[in-house]
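Enquirer:
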Ligand code: AMP
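In my numbering, the protein residues as written are 995 to 1389.
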């Protein structure tokens, strides 16, 4: 695996695919700089070597050129975070860009305009990728969030740098973290899968059963498993067409010696609302008219004991409707358990889908070993897929 540490960037222009798809407010100000900060160490290493950095990214989902998605809006914020005044050119390919790149001095940073102003970016157009490739001597991919897409700047462009392509620090860290959980893990390994639906996690479960010792299932998924086993789930979220599949998963887990832990109690509500009437009942005795929206306290205690004995922990998905305070306690309790286990030496990785939102909201981001920067990319990795953006650097 080639990283930026395998190259000396002195007098070289690094063409870096970053993920600066950051949230902007109505005044076009960056409201969360996490993704910019995440790219910082890669950029700094290149500048410190005596090279220059050409940054390319997408922002939002523009249809053609749309001013509101211009990366010019973020120039000042990027400059502030990196500590170097960033130059900007209002295109990402063509003569004007090539000239700006040619004029770039060592130690300087140039940000290109939104890649998705060209439909060729998403379609993975080869000619467009070739034009992009003219903007640097060495291609660095540091965008995990788009590594599952075979777009021009994330995958196809690598073809034009057969010997001069590598991973940036962020992408390398993502790959190492996933590897530490799925392949080179210290046992016992625990996966916590929460979130809304079995259907969106089924491939993940099937792929990781060979690699884990314990599986905690929580969130809305719980009730499909409980109903499949004959429990009463009232009006809880359920996928009736997945009942057989749920039983199959439990059988497979048993055959592979994976211990499955489902919630034993649930916080139930008489409506899907923060102000609903609530009570805590056994998870398989939910009356009609009530729905399970969080794991209960006894479940939290059981899960705590499981988490405490594991050396490697993967957490994907909340244990309840964490967006509503009333139903956030199960997720918070689990976060505390993982925090404790991490302090005791476990390696904990959070990622995939919306998990990161929950972890950030409750302040666990600094307490786990690693928080993945890619929702979809992480889920696809957990499903066992090879991501095109990663493969393009490896081949
Ligand atoms: P996912 O994107 O699959 O990780 O799902 C995250 C969503 O699952 C969050 O928006 C939660 O509110 C939701 N969720 C968690 N537990 C439940 C539940 N018991 N019933 C309905 N939705 C839930």
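No residue lacks a Cβ here, since even glycine has one placed at the ideal position from N, Cα and C.
Give me the DSSP bridge partner(s) of residue 1160.
Expert: Position 166 of the chain shown, counted from the start, is the residue given in the question as residue 1160. Partner(s): 1134.
Enquirer: Just the Cα atoms here: how many angstroms apart are residue 954 and residue 1185?
Expert: Because the chain spans 995 through 1389 in this model, residue 954 falls outside it and cannot be assessed.
Enquirer: Can you give me the C-alpha to C-alpha distance between residue 1345 and residue 1362, rounded to a whole angstrom?
Expert: Within the chain shown, numbered from 1, the residue matching residue 1345 stands at position 351. Within the chain shown, numbered from 1, the residue matching residue 1362 stands at position 368. For residue 1345 and residue 1362, the distance between alpha carbons rounds to 11 Å.
Enquirer: Leaving out the 5 sequence neighbours to the left and right, which residues in its chain are closer than 7 Å to residue 1296 when beta-carbon positions are compared?
Expert: For the purposes of this step, residue 1296 is taken as the residue at position 302 of the chain shown. Cβ within range, chain order: 1255 and 1258.
Enquirer: Might you give, ordered along the chain, the residues of its own chain that have their beta carbon closer than 7 Å to the beta carbon of residue 1128, omitting 5 neighbours on each side?
Expert: To locate residue 1128, count along the chain shown from 1; it is residue 134. Within the same chain, residue 1128 has close Cβ partners 1092.
Enquirer: Would the stretch 1193-1200 count as touching the stretch 1368-1380 if we require 3 or more Cβ pairs under 8 Å?
Expert: Taking 8 Å as the limit for Cβ pairs, the verdict is that the stretch 1368-1380 does touch the stretch 1193-1200.
Enquirer: Out of curiosity, what's the CA-to-CA distance linking residue 1220 and residue 1262?
Expert: On the chain shown, residue 1220 is found 226 positions in, with the first residue counted as 1. On the chain shown, residue 1262 is found 268 positions in, with the first residue counted as 1. Spanning the two alpha carbons is a distance of roughly 14 Å.
Enquirer: Enumerate, from N- to C-terminal direction, the unbroken alpha helix (DSSP H) stretches of 4 or more residues contained entirely within the stretch 1161-1247.
Expert: 1163-1176, 1196-1202 and 1216-1222
Enquirer: Whole-angstrom Cβ separation of residue 1384 and residue 1160, contact assumed at under 8 Å?
Expert: Here residue 1384 corresponds to residue number 390 of the chain shown, with the count starting at 1. Here residue 1160 corresponds to residue number 166 of the chain shown, with the count starting at 1. No, residue 1384 and residue 1160 are not in contact; Cβ-Cβ is about 12 Å, not under 8 Å.
Enquirer: Compute every distance between the C-beta of residue 1328 and the non-hydrogen atoms of the ligand AMP, then say whether any falls below 7 Å.
Expert: Here residue 1328 refers to the residue found at position 334 when the chain shown is read from its first residue. Every heavy atom of the ligand AMP is 7 Å or more from the Cβ of residue 1328, so no.
Enquirer: In chain order, what residues of the same chain have a beta carbon less than 6 Å from the beta carbon of residue 1183, not counting five sequence neighbours either side?
Expert: By 1-based counting over the chain shown, the position of residue 1183 is 189. Hits under 6 Å: 1206, 1207 and 1306.
Enquirer: When DSSP labels each residue in this structure, what does residue 1032 get in the three-state scheme?
Expert: As a working note, residue 1032 is residue 38 in the chain shown. In this structure, residue 1032 counts as helix in the three-state DSSP scheme.
Enquirer: Report whether the distance from the Cβ of residue 1287 to the nearest heavy atom of the ligand AMP is below 7 Å.
Expert: Numbered from 1 along the chain shown, position 293 holds the residue referred to as residue 1287. Checking the Cβ of residue 1287 against the ligand AMP gives yes.
Enquirer: If we call anything under 8 Å between Cβ atoms a contact, is residue 1111 one with residue 1072?
Expert: In the chain shown, the residue the question calls residue 1111 occupies position 117. In the chain shown, the residue the question calls residue 1072 occupies position 78. No, Cβ-Cβ distance for residue 1111 and residue 1072 is not below 8 Å.
Enquirer: Under a three-way DSSP split, which group does residue 1006 fall into?
Expert: Along the chain shown, one-based indexing puts residue 1006 at 12. When secondary structure is reduced to three states using DSSP, residue 1006 falls in the coil class, being assigned neither helix nor strand.
Enquirer: Taking 7 Å as the line, does the beta carbon of residue 1147 fall inside it for any heavy atom of the ligand AMP?
Expert: Counted from its first residue, the chain shown places residue 1147 at position 153. Answer for residue 1147: no, Cβ out of range of the ligand AMP.
Enquirer: Return the first residue and the last residue of the alpha helix (DSSP H) that residue 1310 is part of.
Expert: Position 316 of the chain shown, counting from 1, holds the residue named residue 1310. Where residue 1310 is concerned, there is no enclosing alpha helix (DSSP H), although the beta strand (DSSP E) around it starts and stops at 1306-1310.
Enquirer: Under DSSP, the alpha helix (DSSP H) around residue 1298 begins and ends at which residues?
Expert: Here residue 1298 corresponds to residue number 304 of the chain shown, with the count starting at 1. Element bounds for residue 1298: 1291-1302.
Enquirer: Measure the alpha-carbon distance for residue 1180 versus residue 1174 and round it to whole angstroms.
Expert: In the chain shown, counting from the first residue as 1, residue 1180 sits at position 186. In the chain shown, counting from the first residue as 1, residue 1174 sits at position 180. Just so you know, the alpha carbons of residue 1180 and residue 1174 end up roughly 8 Å apart.
Enquirer: Which same chain residues, not among the five before or five after residue 1227, have their C-beta less than 6 Å away from its C-beta?
Expert: As a working mapping, residue 1227 is identified with position 233 in the chain shown. Excluding positions up to five away in sequence, the list reads 1217, 1220, 1221 and 1280.
Enquirer: For residue 1094, collect the residues of the same chain with a Cβ closer than 8 Å to its Cβ; drop the 5 residues on either side in sequence, then sort them by chain order.
Expert: Working through the chain shown from its first residue, we reach residue 1094 at position 100. So the qualifying residues of the chain are 1081, 1083 and 1104.
Enquirer: Nearest to residue 1015 by alpha carbon, out of 1240, 1380, 1367 and 1372?
Expert: The residue given as residue 1015 occupies position 21 in the chain shown. The candidate whose alpha carbon is nearest that of residue 1015 is 1367.
Enquirer: Is residue 1321 helix, strand or coil when you go by DSSP?
Expert: Position 327 of the chain shown, counting from 1, holds the residue named residue 1321. Residue 1321 falls in the helix class under three-state DSSP.
Enquirer: From the DSSP output, in three-state form, read off residue 1146 for me.
Expert: The count along the chain shown starts at 1 and reaches residue 1146 at position 152. Residue state, collapsed to three classes: coil.
Enquirer: Between which residues of its own chain and residue 1102 is the CB-CB distance below 7 Å, once the five residues before and five after are set aside?
Expert: Position 108 of the chain shown holds residue 1102. 1046 and 1081.
Enquirer: What is the residue span of the beta strand (DSSP E) that residue 1046 lies within?
Expert: One-based indexing of the chain shown puts residue 1046 at position 52. Where residue 1046 is concerned, the enclosing beta strand (DSSP E) stretches over 1046-1050.
Enquirer: May I ask you to check if the CB of residue 1402 is nearer than 7 Å to at least one heavy atom of the ligand AMP?
Expert: In the structure as shown, the chain starts at 995 and stops at 1389, and residue 1402 therefore has no counterpart that could be examined.
Enquirer: First and last residue of the beta strand (DSSP E) that includes residue 1253?
Expert: On the chain shown, position 259 is the one that residue 1253 refers to. Unbroken beta strand (DSSP E) run through residue 1253: 1253-1255.
Enquirer: Which two residues bound the contiguous alpha helix (DSSP H) that contains residue 1375?
Expert: If you number the chain shown from 1, residue 1375 lands on position 381. Note, residue 1375: alpha helix (DSSP H), 1369-1376.
Enquirer: I need the straight-line Cα distance from residue 1209 to residue 1252, nearest angstrom please.
Expert: As a position in the chain shown, residue 1209 is number 215, starting the count at 1. As a position in the chain shown, residue 1252 is number 258, starting the count at 1. Between residue 1209 and residue 1252, the C-alpha separation is close to 7 Å.
Enquirer: Under DSSP, the alpha helix (DSSP H) around residue 1354 begins and ends at which residues?
Expert: Here the question's residue 1354 lines up with position 360 in the chain shown. Note, residue 1354: alpha helix (DSSP H), 1349-1355.
Enquirer: Does residue 1140 come out as helix, strand or coil in the three-state DSSP assignment?
Expert: What you label residue 1140 is simply residue 146 of the chain shown in a count that begins at 1. Of the three classes helix, strand and coil, the one that applies to residue 1140 here is helix, per DSSP.
Enquirer: Do residue 1039 and residue 1075 count as a contact pair if the criterion is CB distance below 8 Å?
Expert: Here residue 1075 corresponds to residue number 81 of the chain shown, with the count starting at 1. Here residue 1039 corresponds to residue number 45 of the chain shown, with the count starting at 1. Not a contact, by the Cβ cut-off of 8 Å.
Enquirer: Determine the DSSP secondary structure at residue 1099, reduced to helix, strand or coil.
Expert: Working through the chain shown from its first residue, we reach residue 1099 at position 105. In this structure, residue 1099 counts as coil in the three-state DSSP scheme.
Enquirer: Starting from residue 1073, trace the alpha helix (DSSP H) in both directions and tell me its first and last residue.
Expert: Residue 1073 sits at position 79 when you count from the first residue of the chain shown. Segment 1069-1076, the alpha helix (DSSP H) holding residue 1073.
Enquirer: Do residue 1233 and residue 1193 have their C-beta atoms closer together than 8 Å?
Expert: Translated into the one-based positions of the chain shown, residue 1233 becomes position 239. Translated into the one-based positions of the chain shown, residue 1193 becomes position 199. Against a cut-off of 8 Å, the Cβ pair of residue 1193 and residue 1233 comes out as a contact.
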